[in-house]
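Trainee: Residue numbers (the numbering used here): 529 to 928.
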Amino acid sequence: MGKTLIIGAGGVASVVVHKCCQNSEIFEDIMIASRTKSKCDALKAKLENQTKTKISTAQVDADNVRGLVALIKDYKPEIVINVALPYQDLSIMDACLECGVHYLDTANYEPLDTAKFEYKWQWAYREKFEKAGLTAVLGCGFDPGVTGVFSAYAQKHHFDEIYELDILDANAGDHGYAFATNFNPEINIREITSNGRYFENGEFIETPPLSVKRVYNFPEIGEKDMYLLYHEELESLALNIKGIKRIRFFMTFSERYLTHLRVLENVGMTSIEPIDFEGKKIVPLQFLKAVLPDPASLGPRTKGKTNIGCIFQGLKGGKAKKYYLYNVCVHEECYAEVGSQAISYTTGVPAMIGAMMVLTGEWLKPGVYNVEEFNPDPFMEALNKWGLPWQENFAPDLVE
Ligand code: NDP
């Protein structure tokens, strides 16, 4: 079937490549292209003797539309899976449009110099993709991604109306380091140190960073402290779940993690403002990234589970209903299967599935869409098949 260009060769890309190689019937031919070609070559060398998928590699600067266009014209993929960084979303979308290729990513566009994520920049491409007859799938990791598919599934099969949605993201994995982030530290810390935000009664309400704390007893994990964060899927779900009154997003953090983060923040290490250092401009957060453990190196050390899911409340047949839909993923099992920890795994598997949905025609719809705007059923089935089985609870504890 379709040729697929995968851009990026980091933690998430590695999982996408492994999963495409397990699914050779759909992904017969892939190209891995990234800034550092040696990382693409290493992935190819690891997998090419274990798969029927044909793998090639290339160097590309994904900030440069001309270079991307040349690469896409030469390789002629049907779809590009963008698992580089959010800063490259728009240049890759431009190149896809110019070359007539479908597009999928896992994180919405962020300008490099502002810690702000909004869909407006990518939604502005709707008409162009529609006119070109091309599909762009936005935010197809776990959160955003599976959380949107879960929402579409709950809406389709379990509710007449959903009033409240709490998205809960728990990571009980222990990597043994005093402080490390589970995915790109720069993106991760920008997200956590921003103001919290939730949706209520038609508007977004801001809260100071990490100021709203709850304790939740997670299935298979136990009690964890979790904090309200703003997360990008809130913006699209507030529009796409008709009648929704409140959406909140919570993520678990240990006291140790937060203490480190506070100190780093207090001394200015999480700033994205460039400073002069020995005659050179450096961005403190980028320097911090360089001294922190590489997320890809956490795989062999991380033990424990993640639990990410959605608690819905609403009405079905005139009666109040609660519904909790979640996935539990085991870090060690992910590592044994694809050599990555669960955070990369839970992002990479849905990206592969989303691309498969487009290539098989299940999610072929000209325009730019968030995942909850597609039929959730084939995706839900694929989650069970490809390593992220989901579980349901019809009487969950609610978040206060
Ligand atoms: P990594 O930092 O591990 O990998 C990013 C990759 O992109 C690296 O290989 C990097 O190259 C490459 N890259 C960066 N800039 C460019 C460029 N200009 N041109 C070409 N390649 C480039 O990040 P992750 O794998 O952890 O994350 C990938 C994406 O997944 C991010 O957008 C992140 O926000 C998203 N994500 C989404 C989640 C979800 O649930 N939706 C959860 C976790 C992550 P190099 O190797 O040279 O540095």
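Just so you know, even glycine gets a beta-carbon here, dropped at the ideal spot from N, CA and C. In this text, all values refer to a predicted model and were calculated from it rather than measured experimentally.
(1) When you compare only the Cα positions, how much space is there between P812 and V819?
(2) Does the distance from the CB of S542 to the CB of G876 come in under 9 Å?
(3) When the distance is taken between beta carbons, is V597 closer than 9 Å to I534?
(4) Let me know the secondary structure DSSP gives H685 once reduced to three states.
(5) Does G669 pass the burial test, meaning 16 or more other C-beta atoms within 10 Å, or should it be called exposed?
(6) Could you spell out where the beta strand (DSSP E) holding D633 opens and where it closes?
(7) What number of angstroms, rounded off, separates the C-alpha of E900 from the C-alpha of L765?
(8) Could you give the uninterrupted runs of the beta strand (DSSP E) lying entirely in the stretch 648-699, keeping only those of 3 residues or more?
(9) Would a C-beta distance cut-off of 9 Å place P823 and G538 closer than the cut-off?
(10) Output yes or no for whether 9 Å exceeds the beta carbon distance between G704 and K833.
(11) What residue range is occupied by the uninterrupted alpha helix (DSSP H) comprising Q550?
(12) What distance in whole Å lies between the Cβ atoms of P906 and E920, which are believed to be in contact at a cut-off of 8 Å?
(13) Using 9 Å as the threshold, is the C-beta distance between I775 and D694 below it?
(14) For the stretch 583-596 against the stretch 837-846, do three or more pairs of beta-carbon atoms, one drawn from each stretch, fall closer than 8 Å, so that the two count as touching?
(15) Within 10 Å of its beta-carbon, does F815 have 16 or more other beta-carbons around it, so buried, or fewer, so exposed?
(16) Between K574 and the ligand NDP, is there a pair consisting of the residue's CB and a ligand heavy atom that are separated by less than 8 Å?
(17) Between V674, N699, S619, K770, which lies nearest to N745 when the distance is taken from Cα to Cα?
(18) Mapping the DSSP letters down to three states, classify I720 as helix, strand or coil.
(19) Tell me which same chain residues have a C-beta within less than 6 Å of the C-beta of C568, skipping the five on either side of it?
(20) Taking the C-alpha atoms as reference points, what is the distance between N855 and Q869?
(21) For a test of the three-state rule: what should DSSP assign to Q814, helix, strand or coil?
(22) Can you list, in chain order, the residues of its chain whose CB lies under 7 Å from that of W649, leaving out five sequence neighbours each side?
(23) Looking only at its chain, what residues have a beta carbon closer than 6 Å to the beta carbon of F555, apart from the 5 residues adjacent to it on each side?
(24) Within the stretch 808-891, note down every full alpha helix (DSSP H) run reaching 4 residues or more, in order along the chain.
(25) Report buried or exposed for L926, applying the criterion of at least 16 other Cβ atoms within 10 angstroms of its Cβ.
(26) Under the three-state reduction of DSSP, which class applies to N898: helix, strand or coil?
(27) What is the C-beta distance between F707 and H788, in whole angstroms, given that I count them as a contact (C-beta under 8 Å)?
(28) Jot down the residue ranges of each uninterrupted alpha helix (DSSP H) in the stretch 742-786, minimum 4 residues, whole runs only, in chain order.
(29) Report back the beta-carbon spacing between I800 and R718 to the nearest angstrom; my notes put them in contact at under 8 Å.
(30) Would you be able to state if there are at least three C-beta pairs under 8 Å between the stretch 600-607 and the stretch 621-632?
(31) Tell me whether T798, by its Cβ, gets closer than 8 Å to a heavy atom of the ligand NDP.
Mentor: According to the structure data:
(1) 11 Å
(2) yes
(3) no
(4) helix
(5) buried
(6) For D633, the uninterrupted beta strand (DSSP E) run begins and ends at 630-633, by DSSP.
(7) The C-alpha of L765 is placed about 8 Å away from the C-alpha of E900.
(8) 663-666, 689-699
(9) yes
(10) no
(11) 539-550
(12) At roughly 18 Å, the Cβ-Cβ gap does not stay under 8 Å, so E920 and P906 are not in contact.
(13) yes
(14) no
(15) Burial call: exposed.
(16) Incorrect: K574 has no Cβ contact closer than 8 Å to the ligand NDP.
(17) Of the listed residues, the one whose Cα sits closest to N745 is N699.
(18) helix
(19) Spatial neighbours of C568 in its own chain (CB-CB distance under 6 Å, excluding positions within 5 residues in sequence) are listed in chain order as A537, I560, S562, T585.
(20) 15 Å
(21) The answer is helix: DSSP assigns Q814 an H, G or I state.
(22) L618, Y637
(23) T532, C548, T581, listed in sequence order.
(24) Within the stretch 808-891, the runs of alpha helix (DSSP H) that reach at least 4 residues and sit entirely inside it are, in chain order, 812-819, 859-866, 870-887.
(25) exposed
(26) For N898, the secondary structure class from DSSP, reduced to helix, strand or coil, is strand.
(27) 4 Å
(28) 761-768
(29) 7 Å
(30) yes
(31) no
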